[in-house]
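K.L.:
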Amino acid sequence: MLSIVYSSSAAHPYDAEDLGALLALSRENNARHQLTGMLLYRNGRFLQVLEGPEDVLRRRMSIIAADPEHTDVRILLQGTIDERQFPDWTMGYEPVSEAMEDDVPGYRTTFADLDRDEDPSDSLQALRELIRWFQDRAIQLR
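For what it's worth, the UniProt record's numbering labels the leading residue of the sequence shown as 1, then goes sequentially.
So, in structure tokens, the structure goes:
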């Protein structure tokens, strides 16, 4: 099984209605393809964890990368996993508000530093902390 964490920019701003429609479609697609994960959206940026069968997930990432709704798609972490981090979530979601920023371990407005030649270990640790926080805190959405 494979896990991929990626970030992307939205081609246009998403309001609550747009996000609701995106989540409904994502949940349907993910359930059909045995994918699970979580999604964060803030200020035109997505951060998503997807996990599932490797061949299926790689095809899904190709679709996401080609989707005109996403720009600047960057894989931040990927690797094989023995068990799912989000086993029952066809897609968990929580908007991150500015008021939450100080309370979220590993919160960052960007992971652009991963594109530089510097050692990305600090950024990757922050990303892992953010995912762990989401797992512990978020309301399960199906």
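No residue lacks a Cβ here, since even glycine has one placed at the ideal position from N, Cα and C.
So does the stretch 19 to 34 actually touch the stretch 49 to 56, counting three or more Cβ pairs closer than 8 Å?
P.N.:
Output reads yes: the stretch 49 to 56 touches the stretch 19 to 34.
K.L.:
So for Gly37, helix, strand or coil by DSSP?
P.N.:
DSSP places Gly37 in strand when its eight states are reduced to three.
K.L.:
Going by C-alpha distance, which of Leu19, Asp88, Asn30 and Gln85 is nearest Arg58?
P.N.:
Taking only the C-alpha atoms, the option nearest Arg58 is Asn30.
K.L.:
What does the alpha-carbon distance come out to for the pair Gln78 and Leu2?
P.N.:
Rounded to the nearest angstrom, the two C-alpha atoms are 7 Å apart.
K.L.:
Under the rule that 16 or more other beta-carbon atoms within 10 Å means buried, what is Ser62, buried or exposed?
P.N.:
That one is exposed.
K.L.:
Ser8 and Val73 look like a contact to me (Cβ under 8 Å); what is the Cβ gap, rounded to whole Å?
P.N.:
With a Cβ gap of about 4 Å, Ser8 and Val73 count as contacting.
K.L.:
Label Ile4 either buried or exposed according to how many other C-beta atoms from any shown protein chain fall within 10 Å of its C-beta, with 16 as the threshold for buried.
P.N.:
Classification of Ile4: buried, given that the 10 Å Cβ count is 16 or more.
K.L.:
Return helix, strand or coil for Ile81, following the three-state DSSP convention.
P.N.:
Note: Ile81 maps to coil in three-state DSSP.
K.L.:
I need the straight-line Cα distance from Pro13 to Asp67, nearest angstrom please.
P.N.:
If you take the alpha carbons of Pro13 and Asp67, they lie about 15 Å apart.
K.L.:
Less than 8 Å between the beta carbons of Tyr6 and Ile81, yes or no?
P.N.:
No, Cβ-Cβ distance for Tyr6 and Ile81 is not below 8 Å.
K.L.:
Could you pull the start and end residues of the alpha helix (DSSP H) that Glu54 belongs to?
P.N.:
Looking at the DSSP string, the run of the alpha helix (DSSP H) that includes Glu54 is Glu54 to Ala66.
K.L.:
State the DSSP-derived secondary structure class of Ala11, mapped to helix, strand or coil.
P.N.:
Residue state, collapsed to three classes: coil.
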